[in-house]
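Q: First the structure, then my questions, so here it is.
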Amino acid sequence: MSSLDWGLVIATKDRFDPLKTCVSLALAQTREPTEVVIVDSSADWKNHKLKVQEIVDQKPNVRFTYLQGDAPSLTVQRNQAAAAASADILFMIDDDSYMFSDCAERIMNIYEADEAAVLAGVQAMDTNLSPLHVKDGSAQEKQEIAFANLRRSSPLVRGILRKVLMASKEEIFIPYDGHYPTWDLPDAVADLPCRPETMFGGFRMTYRRSAVLSEPFDPTLRYYCPGEDLDGSYRISRKGALVTATEAKLFHFSSAAGRLNRTQVAHLWSLNQAVLLRRHAPDQHWARRVYRRKMIRRLTTDFVKDLLMLRFGFPQTKGSWRAWRDSQQAMRLSPEDLSDWYPRRQADIVGAK
Numbered sequence: 026m027s028s029l030d031w032g033l034v035i036a037t038k039d040r041f042d043p044l045k046t047c048v049s050l051a052l053a054q055t056r057e058p059t060e061v062v063i064v065d066s067s068a069d070w071k072n073h074k075l076k077v078q079e080i081v082d083q084k085p086n087v088r089f090t091y092l093q094g095d096a097p098s099l100t101v102q103r104n105q106a107a108a109a110a111s112a113d114i115l116f117m118i119d120d121d122s123y124m125f126s127d128c129a130e131r132i133m134n135i136y137e138a139d140e141a142a143v144l145a146g147v148q149a150m151d152t153n154l155s156p157l158h159v160k161d162g163s164a165q166e167k168q169e170i171a172f173a174n175l176r177r178s179s180p181l182v183r184g185i186l187r188k189v190l191m192a193s194k195e196e197i198f199i200p201y202d203g204h205y206p207t208w209d210l211p212d213a214v215a216d217l218p219c220r221p222e223t224m225f226g227g228f229r230m231t232y233r234r235s236a237v238l239s240e241p242f243d244p245t246l247r248y249y250c251p252g253e254d255l256d257g258s259y260r261i262s263r264k265g266a267l268v269t270a271t272e273a274k275l276f277h278f279s280s281a282a283g284r285l286n287r288t289q290v291a292h293l294w295s296l297n298q299a300v301l302l303r304r305h306a307p308d309q310h311w312a313r314r315v316y317r318r319k320m321i322r323r324l325t326t327d328f329v330k331d332l333l334m335l336r337f338g339f340p341q342t343k344g345s346w347r348a349w350r351d352s353q354q355a356m357r358l359s360p361e362d363l364s365d366w367y368p369r370r371q372a373d374i375v376g377a378k
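If you want our numbering, it's the position in the sequence shown, counting the first as 1, plus 25.
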């Protein structure tokens, strides 16, 4: 069994308090990281660096790199951090993701059992229980936790969410090749507590550094980039298998700081998908046809969601409709022209200066 090392690799902006907790819990792992690499697009990033340095200094054997982001973008910052890292395995979790103390050890056990390097990535198992045992969350947080528990416990609810309300990653994402890659896991990996996945959630993903460098996150996306994790993990899954380590627990705090409103997120989510299809799908005629069908379903679903949640301004529907209009231009542009046009269009959507 080969020995590998791991590093914490974080892209962050304006969420310093959860970032401190994330780093502290990573350093308290039963299997410690060899490095911490953070790329920060906050205006006060230099002050953040000094404060995080105080935390990391408690572990003198851990290398520490803290950089200003090249652009306010999850994808650009993730790529920048991966390029600055040197560990074999990169824990590219969110700045508000809190690992249980044995999370890294359980994930690394799976990588090290994979002698043939069939695995490109291993993600943690999300849980509604925080390792900090926080129980006094807001009413909205409690409602979301209760809803998540219901979703997991009821097959009927899971079916409705997946097929009717498009609440699963496979229902909302369009695979660029028209299908998801399949891989045969080595026996040594299959015998461990893990399960195959088609794509990863960005808040709990880890990858071999070589996989991220060979298939970077799409730098065309800016600001808060809904769907960037599905895009990146799908393209990486073409190069190696993805699994969830079912006993490696992680809690996603879901800090609201720095987030966009519902209309902006809906707008960016569906428009990102059009742009990514234009940039990465080999069959463009197929991509336009499938995207059109998906958007008809998306607009219908969002209208129903807005009604059910008594959102009579229809913010989610409005965002998806705006994305549909913008997608017409996006699909006409070349991938090269999109690299120039789309960052400017995203700045308009989020109201960036």
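By construction, the Cβ of each residue, glycine as well, lies at the ideal position given by its N, Cα and C atoms.
Buried or exposed for ASN153, going by 16 or more other Cβ atoms inside 10 Å?
A: With fewer than 16 other Cβ atoms within 10 Å, it is exposed.
Q: Just how far apart, CA to CA, sit ASP82 and ASN72?
A: Spanning the two alpha carbons is a distance of roughly 16 angstroms.
Q: Going by alpha carbons, who is nearest to SER122 out of ILE114, ILE35, ARG284, VAL77?
A: Ranking ILE114, ILE35, ARG284, VAL77 by Cα distance to SER122 puts ILE35 first.
Q: Where do the N-terminal and C-terminal ends of the alpha helix (DSSP H) with GLN341 fall, by residue?
A: 340-357 is the span of the alpha helix (DSSP H), which, as asked, contains GLN341.
Q: Taking 8 angstroms as the cut-off, does the region 236-246 touch the region 336-349 (at least 3 CB pairs, one atom from each stretch)?
A: No contact exists between the region 336-349 and the region 236-246.
Q: Would you mind working out which of SER28, TRP349, LEU44, ARG103 sits nearest ARG247, comparing C-alpha positions?
A: Checking every option, the nearest Cα to that of ARG247 belongs to ARG103.
Q: So, for TRP349: in the same chain, excluding its five sequence neighbours on each side, which residues have a beta-carbon less than 6 angstroms away from its beta-carbon?
A: The answer, listed in chain order, is MET320.
Q: May I have the straight-line CA-CA distance separating ASP69 from PRO244, to the nearest angstrom?
A: Approximately 23 angstroms, taken between the alpha carbons.
Q: What do you reckon, are the CB atoms on VAL62 and ALA109 nearer than 8 angstroms?
A: Contact: yes.
Q: With H, G and I counted as helix, E and B as strand and the rest as coil, what does DSSP make of SER28?
A: Three-state DSSP puts SER28 in coil, outside helix and strand.
Q: Check whether the region 47-67 and the region 115-132 are in contact - that is, three or more C-beta pairs closer than 8 angstroms.
A: At 8 angstroms Cβ cutoff, the stretches touch.
Q: Put LEU115 into one of helix, strand or coil per three-state DSSP.
A: LEU115 falls in the strand class under three-state DSSP.
Q: Going straight from the alpha carbon of GLN371 to that of LEU293, what length do you get?
A: Cα-Cα distance, rounded: 8 angstroms.
Q: Give the DSSP-derived three-state secondary structure of THR207 in the structure shown.
A: Looking at THR207 - three-state DSSP - the assignment turns out to be coil, as it is neither helix nor strand.
Q: Do you know offhand how far ASP119's Cα is from GLY146's?
A: Approximately 16 angstroms between the Cα atoms of the pair.
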